[in-house]
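Undergrad: All residue numbers for the sequence shown refer to this note's numbering, where the first residue is 379 and numbers rise by one.
What follows is a single structure, and I will ask about it in a moment.
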Amino acid sequence: MVLSSQTGVTNEWDSPMFREAVKQFEHVAEVMNLDDNIRERLSVPQRSLIVSFPFRRDAYDTVDTVLGYRVQHLLTMGPTKGGIRYAEDVNLGEVAALAMLMTWKCAIVGLPFGGAKGGVCVNPRELSRSETQRLTRRYTMEIIKFIGPDQDIPAPDMGTNEHTMGWIMDTYSTHVGHAEPGVVTGKPPALGGSVARREATGRGLVSLIPPTAHHLGIKVEGSRVAVHGFGNVGQYAALAASEMGAKVIALADITGAIHNDSGFDIEAVREHVRRTGGVADFPDSDVLEPSMIFELDCDFLIPAAIQGVITEENAPRVKARVILEGANGPTTQKADVILREMDVFIVPDVLANAGGVTASYFEWVQDLQNYFWSESEIVGRLREILNRAFSEVLDISISRKVDLRTACLIKGIRRVESAKLARGVYP
């Protein structure tokens, strides 16, 4: 009995985000005339783990039980790779969608990984550091049989950081009886973490501005950039764009949005954020309604916060010439269609924010070799991989007369298809 005829099977991961991911995949599969068997196998994850587990709160008698997930979309290409997020609204469908996205992302830039993702249903802002550590160690034990440097390699995501990865590495290492730094990436340098990993997603994204600008005839020097989200990705993207000679004219985060036509001193904004917790009330700036950042007249718009912020409602008012997707899924499919009709050039998330997983790959390689590279080596290799991938997908886009998102997915899915066909079916 084929998968599509098994009642309810495809609903196991049902969520708006998973439906959107599958719809996107099906569209590209149709465009590239993908083999039906491969199409069916890639439309759902290979492994999905749901766990429920207790963890003790700081009030010793209080024990909470939470749900956790780990989804491995593709086991064909090598170990699986993907972040772990802590968020109240995380669910199996969201994690499955992000795991699928990771498969395409790794394949597009040529990494030897399949996609994975994990999550725990918890509000990390309500946890103390000790509570977060206990939660992390217990979650690690729940998924420990499914992770490892040759099996599945987690990394930070929303609500997690290098300390979280350090606790996972320590828990795993204690369990196996020896230090195993390659089990996670994005960990502290003292535990085998790589230099330049923290800023890799933002800087990698901005490394695509010069080739994009060259293709569209935009002058980088003095170009206007707006950044939605001033977390890890947004901060380093803004900093790198400013260092490149662009003017960062607008910034937004959960505290509000600010605007200055002359451009911001990004280091000064970062210092303000360290002191106050957000970009709001930064001196010498105009207050901006956060939603208006998507409607500013600018050359490059960088959505670097959460998914689904550019929708069919606000897409017609977008004035940016280029959208560089720093977040995962910031543009809905309906908005994508509208923006293409408006000739807005979109560098999609599967390429634009692939700097993070590429730097994670570098960290994993360094851990396996016990030989570490300099920051200049890492930055140079990161730029080389992303620029090569951009050039390849741009060629596909031009030759097949498709948008860059479709071209990216054609490249990624074709690589996965080749690996699937080369391995065959067992038994």
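Idealized CB from N, CA, C, for every residue including glycine.
(1) For the structure I just gave you, are there three or more beta carbon pairs, one from the segment 547 to 561 and one from the segment 717 to 726, closer than 8 Å?
(2) Would you say the segment 695 to 710 touches the segment 632 to 640, given that touching needs at least three Cβ pairs under 8 Å?
(3) Rounded to whole angstroms, what's the CA-CA distance from residue 785 to residue 769? Just pull it up for me.
(4) Rounded to the nearest angstrom, what separates residue 369 and residue 492 at their Cα positions?
(5) Classify residue 750 as helix, strand or coil using the three-state DSSP reduction.
(6) My understanding is that residue 696 touches residue 666, with C-beta atoms under 8 Å, so please give their C-beta distance in whole angstroms.
(7) Please classify residue 739: is it buried, with 16 or more other beta-carbons within 10 angstroms of its beta-carbon, or exposed?
(8) Reducing DSSP to helix, strand and coil, say where residue 768 ends up.
(9) Among the residues of its own chain, which have a CB less than 6 Å from the CB of residue 487, if the five just before and after it don't count?
(10) Give the C-beta separation of residue 657 and residue 629 to the nearest angstrom, bearing in mind that I take them to be a contact with Cβ-Cβ under 8 Å.
(11) Reducing DSSP to helix, strand and coil, say where residue 589 ends up.
(12) Kindly list the residues whose CB is nearer than 6 Å to the CB of residue 391, restricted to its own chain and excluding five residues on each side of it in sequence; keep chain order.
(13) How about residue 476 and residue 459: do their beta carbons lie closer than 8 Å?
(14) Using the Cα positions of residue 582 and residue 798, report the straight-line distance between them to the nearest angstrom.
(15) How far does the alpha helix (DSSP H) with residue 613 in it reach, from first residue to last?
(16) Give me the residue from 670, 543, 650, 499 with the minimum Cα distance to residue 661.
(17) Taking the CB atoms as reference points, tell me whether residue 772 and residue 728 lie closer together than 8 Å.
(18) Who are the Cβ neighbours of residue 642 in its own chain at under 6 Å, not counting the five residues just before and after it?
(19) Whole angstroms is fine: what's the gap from residue 443's alpha carbon to residue 519's?
(20) Using the DSSP secondary-structure output, state which residues sit across from residue 464 in a beta bridge.
(21) Apply the 10 Å Cβ neighbour rule to residue 663 and answer buried if 16 or more other Cβ atoms are within range, or exposed otherwise.
(22) Pick out whichever of 515, 464, 542 has its Cα sitting closest to the Cα of residue 504.
(23) Whose C-alpha, out of 593, 694, 445, is nearest the C-alpha of residue 776?
(24) Can residue 513 and residue 604 be called in contact, C-beta distance under 8 Å?
(25) Just list the residues that DSSP pairs residue 458 with in beta bridges.
TA: Per the coordinate set shown:
(1) no
(2) no
(3) 11 Å
(4) Here the chain has residues from 379 to 805 only, and residue 369 is not among them.
(5) coil
(6) The pair is not a contact, with the Cβ atoms about 15 Å apart (cut-off 8 Å).
(7) buried
(8) helix
(9) 732, 736, 763, 767
(10) 5 Å
(11) helix
(12) 470, 471, 474
(13) no
(14) 29 Å
(15) 610 to 621
(16) 650
(17) no
(18) 626
(19) 15 Å
(20) 498
(21) buried
(22) 464
(23) 593
(24) no
(25) 492, 530
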